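Protein chains in written order, with the UniProt record's numbering: chain A, 1 to 344; chain B, 1 to 344.
Below you'll find the structure, written out as structure tokens, and then a few comments.
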DNA sequence: TTGAAAGCGCTAACAG
DNA sequence: CTGTTAGCGCTTTCAA
């Protein structure tokens with residue numbers, strides 16, 4: 001790679017390497033005569049000089065490299081957005097990111113952390129593929145920032161989606177359309193999802209605000225995949241007419257996909273007979289459904305940006321509590337007014 | 001980060017840094033007395049020494065870093081698998097990967113390439129988010145390997161999916177089930193997808209092998225998303241009974257999703273009335289459909305591994321032609337025999 | 001069997 | 001305004 005060194009440029013321009021260094025990195029540039037600067041630049045251009053960042057890093061003790069370690073970030077469909085967010089701000093600020101995927105293996109994680117610290121990265125981000133609380137690894141630097149996960153004990157900068165507010169937005173959408181019998185197709189407790197609890201809190205709060213008594217029968221739980229959503233939706237749709245929901249808020253888009261299937265099997269149409277709201281805004285699901293699904297987006301890109309911004313010191317973070325990133329509602333076509341006989 | 005240096009270890013062990021270097025990196029280890037080695041190791045442990053890779057890299061001219069630049073790798077749902085494959089072999093061989101996402105911007109790409117070369121990466125991979133042929137950037141090193149794309153002109157090591165064989169496998173599956181009227185729901189030509197052409201070749205070849213005259217009416221084209229698939233499938237299903245397909249090979253899983261929808265609207269069941277095979281094996285689509293979709297998997301993980309292996313010199317590549325990675329068929333439940341009246 | 005010494009390519013005081 | 005010089009932390013001859 002970089003065959004030609006700074007001394008080559010210096011020789012050709014008839015100056016010292018110190019001068020070359022200054023003009024090329026734009027430091028103390030005011031003190032160097034314009035002619036010299038010009039000569040240096042031309043010489044650099046002529047010999048095809050490219051600075052050697054390794055040497056520079058050794059000297060300056062700054063690598064402009066940031067480490068991003070994750071459990072399985074690359075494998076999940078959302079993860080890309082987080083990466084994109086982090087990468088974008090890194091690029092905007094001349095940083096490069098070293099990505100390490102530990103696949104949830106603790107040994108690999110320790111190794112990765114050591115390798116990154118050996119590589120003298122300037123900053124570090126610790127990312128999870130889904131929102132959860134983590135036991136922070138002992139050898140994670142103090143100033144690392146957590147992405148899509150909250151620290152179990154240690155105080156760390158962290159960012160997670162505001163699931164509670166997202167749940168509220170989803171249910172408000174339904175309430176605003178006139179629904180009163182709104183089911184929540186939740187994930188089963190055994191999955192121990194923090195999102196599940198938070199979204200449910202949002203659901204209950206909006207019901208309360210709207211003066212709707214929560215009906216325990218309308219809180220269904222299933223495996224958070226299409227099959228689970230279908231089964232749960234079927235049970236709900238089998239409820240006697242007066243107790244049957246006119247709308248379903250689903251824990252995620254996949255369950256919503258199942259809800260669609262259940263409705264169609266019953267000969268019900270979305271949104272005329274049943275309104276549905278999902279969560280995640282999963283490309284290739286939400287937008288591809290028929291009708292396109294109204295859902296709540298997980299702010300992966302924004303969280304990625306935020307994490308990188310605080311990692312680079314571009315933004316302050318409160319280490320006492322995770323930053324809550326808003327989850328915007330994405331309105332498509334799966335919400336309508338309740339069927340006439342339920343109207344008020 | 002690495003506060004403590006090798007000289008600290010040396011001081012504590014009462015030896016020179018040269019000795020420390022040798023024992024810690026296992027070089028010339030035979031020439032150093034076991035006692036000394038022991039002392040050095042203990043000292044290193046005691047002071048918590050961690051080698052500084054930047055200094056080492058400067059000295060050895062080897063960074064053990066590999067650059068992975070892509071157009072939008074992180075944003076697409078498949079991309080993660082390529083990353084995972086590449087990352088896994090990197091990890092297995094003590095390499096770290098720097099990921100740069102250029103978002104298709106040529107300027108950003110040049111910058112990234114320069115930054116990586118300045119960073120003295122030992123190897124480079126140039127990845128695309130979908131199979132296509134690319135004009136190789138001028139400043140991409142000669143020994144970079146192309147991932148999921150083929151070079152337009154230059155001879156480069158490259159790996160792409162064997163789409164043709166994949167198309168054959170898909171259609172063979174249908175032929176083996178007894179189908180003779182097999183449609184191909186293709187992407188429109190304006191998208192200029194190399195996969196589209198190759199899969200079609202596979203489709204035609206298997207038809208030929210089976211002695212089936214291709215019916216031009218059964219080659220439908222649409223936008224390669226669920227909506228397009230649905231529209232195309234509807235048109236096909238509207239054909240008179242004798243000309244109507246009993247099976248559909250879809251360009252991708254999303255179109256297959258649309259085919260399902262069209263079938264259901266017609267009151268047709270998959271696979272009893274209509275068999276469907278997709279392509280991509282897109283998680284969250286293929287497996288979540290009802291019934292689960294038989295499809296052809298894109299070998300992203302394997303391609304990622306392959307690319308990293310040749311990048312690290314672990315494997316030879318023929319620069320004259322891209323390596324074709326097999327696309328395995330994934331049998332689920334969307335293929336059955338043709339309905340009785342079409343049986344032979 | 002071990003140590004001294006010379007850099008890898010660059011930056012940053014300090015002189016001039 | 002520009003050059004000299006002294007390292008950054010490590011590896012690797014060469015000498016002892």
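The beta-carbon is built from N, C-alpha and C at its ideal position, and this holds for glycine as well.
Predicted model only: the values in this text are computed from it and were never measured.
Using 8 Å as the Cβ pair cut-off and three pairs as the minimum, do the segment 89 to 108 of chain B and the segment 57 to 73 of chain B touch? In this structure the segment 89 to 108 of chain B touches the segment 57 to 73 of chain B; the number of beta carbon pairs closer than 8 Å is three or more.
CB contact check: residue 303 of chain A to chain B, cutoff 9 Å: The Cβ of residue 303 of chain A sits no closer than 9 Å to any Cβ of chain B.
When burial is assigned at 16 or more other CB atoms within 10 Å of the CB, is residue 390 of chain A buried or exposed? Nothing can be reported for residue 390 of chain A, as the shown portion of chain A is limited to 1 through 344.
Whole angstroms are fine: how far does the CA of residue 239 of chain B sit from the CA of residue 343 of chain B? Residue confidence is low: residue 343 of chain B scores 44 on pLDDT, short of 50, so the model does not pin down where it sits. No coordinate-derived value is stated.
With distances taken Cα to Cα, identify the nearest neighbour of residue 219 of chain A among A:199, A:226 and A:210. Nearest C-alpha to residue 219 of chain A: A:199.
DSSP state of residue 161 of chain B, grouped into three classes? Note: residue 161 of chain B maps to strand in three-state DSSP.
Kindly give me the distance between the Cβ atoms of residue 310 of chain A and residue 317 of chain A, rounded to whole angstroms, as I take these residues to be in contact under 8 Å. Yes, residue 310 of chain A and residue 317 of chain A are in contact; Cβ-Cβ is about 4 Å, under 8 Å.
Taking residue 77 of chain B as the query, report the chain A residues whose CB atoms sit under 8 Å from its CB, ordered along the chain. Per Cβ cutoff of 8 Å: 77, 80, 283 and 284.
Report the start-end ranges of each beta strand (DSSP E) in the segment 168 to 225 of chain B that is 3 residues or longer and not cut off at the edges. DSSP runs (the beta strand (DSSP E)) wholly in the segment 168 to 225 of chain B: 182 to 187 and 219 to 222.
Which term fits residue 87 of chain A, buried or exposed, when burial requires 16 or more other beta carbons within 10 angstroms of its beta carbon? Buried, since its Cβ has 16 or more Cβ neighbours within 10 Å.
Could you compute how far the alpha carbon of residue 281 of chain A sits from the alpha carbon of residue 262 of chain B? When only Cα atoms are considered, residue 281 of chain A and residue 262 of chain B end up about 24 Å apart.
On the CB-based measure, 16 or more other CB atoms within 10 Å of its CB, does residue 34 of chain A come out buried or exposed? Counting every other CB atom within 10 Å of its CB across the protein chains shown gives residue 34 of chain A a total below 16, marking it as exposed.
Based on the DSSP output, what are the partners of residue 98 of chain B in its beta bridges? As DSSP reads the structure, residue 98 of chain B sits in a beta bridge with A:98 and B:67.
My output table needs one value for residue 25 of chain A: the three-state DSSP class, helix, strand or coil. In the three-state scheme derived from DSSP, where H, G and I count as helix and E and B as strand, residue 25 of chain A is classed as helix.
Can you confirm whether residue 131 of chain B, when its beta carbon is compared against all beta carbons of chain A, has any partner nearer than 9 Å? Output row for residue 131 of chain B: interface = no.
So for residue 19 of chain B, helix, strand or coil by DSSP? Here residue 19 of chain B sits in helix by DSSP.
Pick out whichever of B:45, B:20 and B:150 has its Cα sitting closest to the Cα of residue 323 of chain B. That would be B:150, whose Cα lies nearest to the Cα of residue 323 of chain B.
Rounded to a whole number of angstroms, what is the C-alpha to C-alpha distance between residue 234 of chain B and residue 277 of chain B? Here the C-alpha atom of residue 234 of chain B lies approximately 16 Å from the C-alpha atom of residue 277 of chain B.
Take the Cβ of residue 411 of chain A as the centre, count every other Cβ of all protein chains shown within 10 Å, and call the residue buried at 16 or more, exposed below. The structure shown has nothing for residue 411 of chain A, since chain A only spans 1 to 344.
For residue 37 of chain A, which option in A:53, A:10 and A:56 has the closest C-alpha, if you only look at C-alpha atoms? The residue with the shortest Cα to Cα distance from residue 37 of chain A is A:10.
Is residue 335 of chain A close to chain B, meaning its C-beta is less than 9 Å from at least one C-beta of that chain? Not closer than 9 Å to any Cβ of chain B, the Cβ of residue 335 of chain A fails to qualify, so no.
May I ask whether a heavy atom of the ligand PLP can be found less than 8 Å away from the beta carbon of residue 64 of chain B? Judged by which ligands are present, the structure shown has none, so any question about the ligand PLP falls away.
Can you find the residues in the same chain that come closer than 8 Å, C-beta to C-beta, to residue 48 of chain A, ignoring five residues on each side of it along the sequence? Listed in chain order, the non-local C-beta contacts of residue 48 of chain A below 8 Å within the same chain comprise 4, local neighbours out to five positions each way being set aside.
Check the Cβ of residue 87 of chain A against every Cβ in chain B and list those closer than 8 Å, keeping chain order. Identification of chain B residues near residue 87 of chain A by a Cβ-Cβ cut-off of 8 Å yields 74, 99, 100 and 101, ordered along the chain.
Against residue 52 of chain A, what residues of chain B qualify as contacts under a CB-to-CB distance less than 7 Å, listed in chain order? Near residue 52 of chain A (Cβ distances below 7 Å), the residues of chain B are 118 and 120.
Using 10 angstroms around the beta-carbon of residue 135 of chain B, count the other beta-carbons present and answer buried if the total reaches 16, otherwise exposed. The Cβ neighbour count for residue 135 of chain B, taken over all protein chains shown within 10 Å, is under 16; the residue is labelled exposed.
Does residue 119 of chain A pass the burial test, meaning 16 or more other C-beta atoms within 10 Å, or should it be called exposed? Label assigned to residue 119 of chain A: buried.
Residue 287 of chain A versus residue 228 of chain B - alpha carbon distance: Looking at the two C-alpha atoms, the distance is approximately 13 Å.
DSSP state of residue 146 of chain A, grouped into three classes? Strand, per DSSP.
Exposed or buried, residue 31 of chain B, counting other C-beta atoms within 10 Å across all chains shown (16 or more means buried)? Its Cβ having fewer than 16 others within 10 Å, residue 31 of chain B is exposed.
In angstroms, rounded to a whole number, what distance separates the CA positions of residue 279 of chain B and residue 252 of chain B? Within the model, the alpha-carbon separation for residue 279 of chain B versus residue 252 of chain B is close to 4 Å.
Would you tell me roughly how many angstroms separate the C-alpha atoms of residue 225 of chain B and residue 158 of chain B, rounded to the nearest one? Each residue's alpha carbon lies about 28 Å from the other.
Distance, Cα to Cα, residue 186 of chain B vs residue 192 of chain B? Looking at the two C-alpha atoms, the distance is approximately 11 Å.
Coil, strand or helix - residue 301 of chain A by DSSP: Three-state result, residue 301 of chain A: helix.
Quick one: is residue 105 of chain A buried, meaning 16 or more other Cβ sit within 10 Å of its Cβ, or exposed? The residue in question, residue 105 of chain A, is exposed, as its Cβ has fewer than 16 Cβ neighbours within 10 Å.
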